[in-house]
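Residue numbers (UniProt numbering), protein chains in the order written: chain V, 1 to 313; chain P, 1 to 140.
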């Protein structure tokens with residue numbers, strides 16, 4: 001017996017029911033997110049499950065409990081549907097995409113190569129929390145993203161944790177914050193930025209141990225955490241004068257409930273033009289059901305970095 | 001002397017238990033250093049061609065690790081937690097895993113290197129690493 005919900009416009013799931021998008025141009029980032037709580041239909045969830053590879057399905061079933069299974073399905077469905085939207089060629093559909101890990105374990109698309117066809121230099125990275133799953137996409141630039149719930153607390157003492165894992169400058173910064181709630185927020189922001197950087201590098205946790213680099217941003221330098229968003233930089237702890245200047249960061253407040261950090265490579269070709277800010281477009285999505293461009297709305301608040309929020313109508 | 005920090009392919013449980021060798025730290029010539037991948041989307045990947053033959057960690061160690069994991073991940077009491085349980089399958093993200101490692105360091109008074117902490121994806125792996133580090137400390 002089929003239940004027809006009015007919001008399920010597509011019963012026959014195929015890639016043509018995804019609203020197609022052109023690939024992001026260079027110096028632009030596309031950021032897609034899904035809120036698991038908005039996916040209430042088990043038949044929709046099954047449609048998503050159906051897109052997954054056998055290996056991904058196995059991973060889903062290994063998850064303990066329905067919520068974790070759902071999250072795992074949505075994460076893979078988000079990646080597959082997001083990449084398939086870009087109409088790479090007629091062969092690419094959410095189900096047909098293949099993935100592999102690079103030498104360090106970072107997931108990447110395994111394009112089915114053809115004589116006459118060269119795959120686009122598309123990069124992606126995903127991150128999930130229990131209440132939000134995100135996928136960032138760029139062309140010609142490495143990307144790493146991390147999302148955390150704004151209210152996230154840690155079990156350990158924040159300063160003890162920072163002393164163990166963060167750089168000396170970051171510990172000093174956190175120690176200097178008198179208000180424990182502000183301190184906790186700054187800790188979570190720093191964590192997401194550091195995670196995003198390591199994920200962009202794609203070398204795994206041990207490839208860039210957290211202690212070996214410092215993230216600094218404008219508010220941190222001035223000590224005023226209510227100041228407007230300003231540039232975020234990363235520097236090597238061993239050599240603080242060496243700003244690893246080919247990485248740029250954006251820090252967002254998403255949907256009022258999450259911090260999201262995005263780390264991408266700067267475009268070297270633009271060097272002569274000065275600091276051209278990267279453009280960012282954000283969509284909230286329920287694949288096959290609806291997409292909503294939320295850049296420029298209250299759902300996306302840029303709190304760090306020089307990015308411009310692009311609204312696409 | 002080579003420090004042993006390597007990801008290892010696990011034997012099937014039955015085979016592991018039937019090969020009881022003295023756990024020798026750092027001196028086994030069959031061990032090699034390999035690089036490890038930690039997939040950020042929660043799919044841990046072990047890529048290694050070395051083998052580790054070891055005794056199982058003491059039950060008390062496994063038990064303590066389970067307690068720390070339960071607490072960190074706020075697992076409901078009825079949830080299943082075995083030595084083979086993968087942290088990611090229990091809902092641990094990277095921050096949780098790092099917190100678990102920190103909790104283990106404090107509980108057992110050990111220090112886990114960054115690249116070793118990538119190898120900790122299950123309770124059993126954590127317990128085995130702990131015992132190895134404790135033993136190394138004892139020898140130092």
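Yeah, the Cβ is synthetic: ideal placement off N, Cα and C, and Gly gets one too.
Could you please give the first and the last residue of the uninterrupted alpha helix (DSSP H) stretch that includes residue i?
i	result
residue 83/V	66-85
residue 116/P	114-117
residue 103/P	94-108
residue 19/V	Unbroken run through residue 19/V: none, as it is neither H nor E.
residue 154/V	From DSSP, residue 154/V is part of no alpha helix (DSSP H); its letter is neither H nor E.
residue 47/V	42-49
residue 58/P	Per DSSP, residue 58/P belongs to no alpha helix (DSSP H) and is neither H nor E.
residue 175/V	168-175
residue 60/V	54-62
Per DSSP, what kind of secondary structure is residue i in: helix, strand or coil?
i	result
residue 128/P	helix
residue 86/P	strand
residue 100/V	strand
residue 125/V	strand
residue 114/V	strand
residue 109/V	strand
residue 192/V	helix
residue 265/V	strand
residue 139/V	strand
residue 302/V	strand
residue 200/V	helix
residue 297/V	coil
residue 78/P	coil
residue 163/V	helix
residue 138/P	helix
Give the DSSP bridge partners of residue i, in chain order.
i	result
residue 309/V	280/V
residue 217/V	232/V
residue 180/V	None, per the DSSP bridge assignment.
residue 291/V	285/V
residue 258/V	149/V, 254/V
residue 134/V	33/V, 127/V
residue 122/P	86/P
What residues in its chain sit with their C-beta under 6 Å from that of residue i, if we drop five residues either side in the sequence?
i	result
residue 57/P	127, 128, 131
residue 127/V	134, 145, 146, 147
residue 19/V	291
residue 30/V	24, 137, 281
residue 83/P	62, 123, 124
residue 253/V	301, 303
residue 56/V	76
Provide the residue span of the beta strand (DSSP E) that contains residue i, from first to last.
i	result
residue 250/V	247-254
residue 34/V	28-34
residue 143/V	143-149
Whose C-beta lies closer than 7 Å to the C-beta of residue i among residues of the same chain, with five residues either side of it excluded?
i	result
residue 149/V	129, 131, 257, 258
residue 177/V	183, 186
residue 193/V	215, 232, 249, 251, 261
residue 85/P	122, 123
residue 175/V	159
Please tell me whether, using a cut-off of 7 Å, the distance from the CB of residue i to the nearest non-hydrogen atom of the ligand MG is below it.
i	result
residue 130/V	With respect to small molecules bound, the structure shown includes none, and the ligand MG cannot be examined in it.
Counting only the same chain and skipping the five closest in sequence on each side, list residues whose C-beta sits under 8 Å from that of residue i.
i	result
residue 113/V	119
residue 60/V	49, 52, 69, 72, 73, 76
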